[in-house]
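Asks: Dropping the structure in here first, questions after.
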Ligand SMILES: NC(=O)c1ccc[n+]([C@@H]2O[C@H](COP(=O)([O-])OP(=O)(O)OC[C@H]3O[C@@H](n4cnc5c(N)ncnc54)[C@H](O)[C@@H]3O)[C@@H](O)[C@H]2O)c1
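Numbering (this note's numbering), first residue to last: 1 to 438.
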């Protein structure tokens, strides 16, 4: 199939590359010339495990192309995926300007039937707006052209995006006409040869499904974080509680880890946008308001622990921060809990040395020279009053505790991701403070 993907970010690039991988002829459009120039030079603008190989293979095979030329992109694909950003507006609602602009671009240029697919995370009713925008542009040209609009929300996880796209749990397709449903089924057939995992539904339900999924996951995290805080005060251990409830099949083990809060480009903005949708429709989503409030407080937990240990004036103190990206496996710094921690430390007069296995560069773009950056985890520790762990990268799981103890000025680890067994760390002569651990 000839496919255009509009927006070549985390979702668009993975979508384009994986659709090319199964044999489609894919053209990825982005208006960011620097991004497309990089891709033409074989450099990926983002870090995503395994993606470089898929992109390189499909570019070499002539199935994957990149462009900034909208005329070319509209002419290319019968299927036009819209995978542009939907950042939060000032009032928390999803800003649809990029989605609508992409739709108008299509309406201004199309000359034959297109299936336009909303892959961006968009509020209920957006497909209708996309349809209206395209119809409006087509009408302005004095034409009458047939097209379908489909909602196909994306569930990939950054850090495992290629794997998730190639082996999806489910493919949600919101569509109202048979031609579009048939096209979407054919497109996704190669990704589900084992058994069909397509869920075809009406468009509004598909749009809501994506928000419901992220809101539910965020809810589990905030729930566990609040329980962890309570466990700490009560002298209970959240890790034992997690196992105790996860073993119930109605609850399950996934997404029950407490920590220093969620971040990223999806949960924070999607929780806010869904709340806004509720508000606009006279249905307050009280649980989600609490989920967000709990998360904001949780992002302060590490700084609270530092202040409890060293006092509010941190001038002259230095802290090592392991993990800057909002989660392991990505260089994405959007809404990363590390940013809240670092701001809190710097505001109190401390200096910081950060280390991240892949996000140092992106962190420098966001934080600049306000902190130092280490090339490896041990280099971050020199002369630091404590090691603060923010992102649970695998390489932090079994460190050399003796070396950590020697490098730190105070032998203290404050662990925002509960990576270690407290007794084992303490047996090595280190102080250890985690989230909800005994
Ligand atoms: N990142 C994730 O893990 C993830 C997962 C599922 C869904 N989503 C959703 O997918 C959407 C995209 O997210 P992302 O993280 O890939 O965003 P991103 O910011 O990484 O990428 C968006 C890209 O779209 C480009 N763009 C904007 N307007 C354009 C236009 N009119 N024409 C062409 N290109 C244009 C931007 O230059 C940018 O490169 C969002 O709605 C997001 O909520 C993201």
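Note that the Cβ used here is the ideal one computed from N, Cα and C, for glycine as well.
Everything numeric in this text was worked out from a predicted model, so none of it was measured.
1. For residue 18, which option in 94, 135, 165 has the closest C-alpha, if you only look at C-alpha atoms?
2. To the nearest angstrom, how far is it from the Cα of residue 357 to the Cα of residue 104?
3. Where DSSP assigns a beta bridge to residue 65, which residues make up the other side?
4. In the DSSP assignment, what residue or residues form a beta bridge with residue 413?
5. Quick one: using the 10 Å Cβ neighbour count with 16 as the cut-off for buried, is residue 93 buried or exposed?
6. How many Å lie between residue 88 and residue 129 at the Cα?
7. Which class does residue 402 belong to by DSSP, given the choice of helix, strand or coil?
8. Could you pull the DSSP bridge partners for residue 201 from this structure?
9. Quick check: the Cα distance between residue 225 and residue 215, rounded to an integer number of angstroms?
10. If you drop the 5 nearest sequence neighbours on each side, which residues of the same chain put their C-beta closer than 6 Å to that of residue 29?
11. Where does residue 80 fall in DSSP's three states?
12. With burial defined as no fewer than 16 other Cβ atoms inside 10 Å of the residue's Cβ, what is the status of residue 338: buried or exposed?
13. Rank 390, 427, 331 by C-alpha distance to the C-alpha of residue 418 and give the top, closest one.
14. Give me the DSSP bridge partner(s) of residue 94.
15. Under 7 Å, do residue 344 and residue 373 count as touching if we go by C-beta distance?
16. I'd like to confirm something about residue 120: is its beta-carbon nearer than 6 Å to some heavy atom of ligand 1, or not?
17. Tell me where the alpha helix (DSSP H) around residue 492 begins and ends.
18. For residue 432, which of 208, 387, 403 has the nearest alpha-carbon?
19. The alpha helix (DSSP H) with residue 304 in it runs from where to where?
20. Under the DSSP definition of a beta bridge, which residues are partnered with residue 3?
21. Per DSSP, residue 351 is paired with what?
22. For residue 65, is the classification buried or exposed, using 16 other Cβ atoms within 10 angstroms of its Cβ as the cut-off for buried?
23. Mapping the DSSP letters down to three states, classify residue 438 as helix, strand or coil.
24. Applying the 10 Å Cβ sphere with the 16-neighbour rule, what's the burial state of residue 258?
25. Taking 6 Å as the cut-off, is the CB of residue 211 close to at least one heavy atom of ligand 3?
26. Can you tell me whether residue 120 is buried or exposed? The criterion is at least 16 other CB atoms within 10 Å of its CB, across all chains shown.
27. Using only CA atoms, which one of 51, 313, 145 lies nearest to residue 160?
28. Can you tell me whether residue 331 is helix, strand or coil according to DSSP?
29. Which one of 423, 394, 379, 197 has the shortest CA to CA distance from residue 403?
30. On a Cα-Cα basis, can you pick out the residue from 296, 177, 12, 61 that is closest to residue 44?
31. DSSP puts residue 338 in a beta bridge; with which residues?
32. Flag residue 265 as yes when its Cβ comes closer than 6 Å to any non-hydrogen atom of ligand 1, and as no otherwise.
33. Report the three-state DSSP secondary structure of residue 32 (helix, strand or coil).
Replies: Straight from the coordinates:
1. Position 18 of the chain shown, counted from the start, is the residue given in the question as residue 18. Among 94, 135, 165, the Cα nearest to that of residue 18 belongs to 165.
2. Along the chain shown, one-based indexing puts residue 357 at 357. Along the chain shown, one-based indexing puts residue 104 at 104. C-alpha separation (whole angstroms): 40 Å.
3. Looking up residue 65 in the chain shown gives position 65. Under DSSP, the beta-bridge partners assigned to residue 65 are 27.
4. Locating residue 413 in the chain shown gives position 413, where the first residue counts as 1. By DSSP's assignment, residue 413 forms a beta bridge with 387, 432.
5. On the chain shown, position 93 is the one that residue 93 refers to. Classification of residue 93: buried, given that the 10 Å Cβ count is 16 or more.
6. Here residue 88 refers to the residue found at position 88 when the chain shown is read from its first residue. Here residue 129 refers to the residue found at position 129 when the chain shown is read from its first residue. Using only the alpha carbons, I get a separation of about 18 Å.
7. Here the question's residue 402 lines up with position 402 in the chain shown. Under the three-state reduction of DSSP output, residue 402 falls in the helix class.
8. Along the chain shown, one-based indexing puts residue 201 at 201. Residue 201 is bridged to 174.
9. Translated into the one-based positions of the chain shown, residue 225 becomes position 225. Translated into the one-based positions of the chain shown, residue 215 becomes position 215. Going from the Cα of residue 225 to the Cα of residue 215 covers about 15 Å.
10. Sequence index remark: in the chain shown, residue 29 carries index 29 (1-based). Within the same chain, residue 29 has close Cβ partners 6, 67, 73.
11. As a working note, residue 80 is residue 80 in the chain shown. DSSP places residue 80 in strand when its eight states are reduced to three.
12. Here residue 338 corresponds to residue number 338 of the chain shown, with the count starting at 1. Around the beta carbon of residue 338, a 10 Å sphere encloses 16 or more other beta carbons of the protein chains shown; the residue is thus reported as buried.
13. Counted from its first residue, the chain shown places residue 418 at position 418. The residue from 390, 427, 331 with its alpha-carbon nearest to that of residue 418 is 390.
14. Within the chain shown, numbered from 1, the residue matching residue 94 stands at position 94. DSSP, once it has assigned bridges, lists 88 as partnering residue 94.
15. In the chain shown, residue 344 corresponds to position 344, counting from 1. In the chain shown, residue 373 corresponds to position 373, counting from 1. In this structure, residue 373 does not lie closer than 7 Å to residue 344 by Cβ.
16. Taking the first residue of the chain shown as position 1, residue 120 is located at position 120. Yes, the beta carbon of residue 120 sits closer than 6 Å to at least one heavy atom of ligand 1.
17. Outside the displayed span of the chain (1 to 438) sits residue 492, for which this structure offers no information.
18. By one-based count along the chain shown, residue 432 stands at place 432. Closest by alpha carbon: 387.
19. By 1-based counting over the chain shown, the position of residue 304 is 304. First-last of the alpha helix (DSSP H) with residue 304: 301-310.
20. Walking along the chain shown from the start, residue 3 turns up at place 3. Per DSSP, 26, 79.
21. The sequence position of residue 351 within the chain shown is 351, counting from 1. The partner list for residue 351 (beta bridge, DSSP) reads 318.
22. What you label residue 65 is simply residue 65 of the chain shown in a count that begins at 1. Under this definition residue 65 is a buried residue.
23. Within the chain shown, numbered from 1, the residue matching residue 438 stands at position 438. Looking at residue 438 - three-state DSSP - the assignment turns out to be coil, as it is neither helix nor strand.
24. Stepping through the chain shown from its first residue, residue 258 is reached at position 258. Buried, by the Cβ-count rule.
25. Within the structure as shown, ligand 3 is missing, the only ligands being ligand 1.
26. As a position in the chain shown, residue 120 is number 120, starting the count at 1. By the neighbour-count rule (16 or more Cβ atoms within 10 Å), residue 120 is buried.
27. As a first step, residue 160 is located in the chain shown; it is residue number 160 there, counting from the start. Closest option to residue 160, Cα to Cα, is 51.
28. Here residue 331 is taken as the residue at index 331 of the chain shown, counted from 1. Note: residue 331 maps to coil in three-state DSSP.
29. For the purposes of this step, residue 403 is taken as residue 403 along the chain shown, with counting starting at 1. Nearest option by C-alpha distance: 379.
30. Translated into positions along the chain shown, residue 44 becomes position 44. Considering only 296, 177, 12, 61, the residue with the shortest C-alpha distance to residue 44 is 12.
31. Numbered from 1 along the chain shown, position 338 holds the residue referred to as residue 338. Beta-bridge pairing links residue 338 to no other residue.
32. Taking the chain shown and counting its residues from 1, one reaches residue 265 at position 265. Because some heavy atom of ligand 1 lies under 6 Å away, the Cβ of residue 265 counts as near it: yes.
33. Residue 32 sits at position 32 when you count from the first residue of the chain shown. Residue 32: coil per DSSP, three-state reduction.
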